[in-house]
Amino acid sequence: MAAAEAAIKAGKCSKCHAVDKEKTGPAYKKVAEKYKGKADAEAKLFTHLTTAPKIKVDGEEEQHVKAKGDEADTKNLVKYILTR
């Protein structure tokens with residue numbers, strides 16, 4: 094868990110996301126609820142974090158920031174988010 098929290102800090106994810114409250118991005122708890130019980134949850138979230146898709150923020154379209162770190166770090170981050 095500490096490694097995922099360090100990745101969140103390094104990637105400045107907290108600028109837009111929090112564990113249990115909405116900011117400009119969804120709370121990690123809301124993301125976990127969205128993917129709960131879905132077999133492809135880890136794969137979809139991993140792809141989202143590594144491909145920097147376009148997202149809507151305050152009605153404007155912008156590029157999501159790519160996760161920093163290697164594949165193992167990103168997979169750890171995905172598991173952290175999905176267990177909130």
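FYI, in my numbering the residues of the sequence shown are 94 to 177.
For each residue, glycine too, the CB sits at the ideal point set by N, CA and C.
- Where E154 is concerned, the enclosing beta strand (DSSP E) starts and stops at 153-156.
- Nearest neighbour of V112 by Cα position, chosen from K137, G104, V124, turns out to be V124.
- Judged by beta-carbon spacing, G104 lies within the 8 angstroms limit of V158, meaning their Cβ atoms are closer than that value.
- Counting only unbroken stretches of 3 or more residues, the beta strand (DSSP E) elements lying wholly within the region 98-164 are 147-150, 153-156, in sequence order.
- Excluding its 5 nearest sequence neighbours in each direction, C106 has no C-beta neighbour in its own chain below 6 angstroms.
- Counting only the Cα atoms, H110 lies some 14 angstroms from I148.
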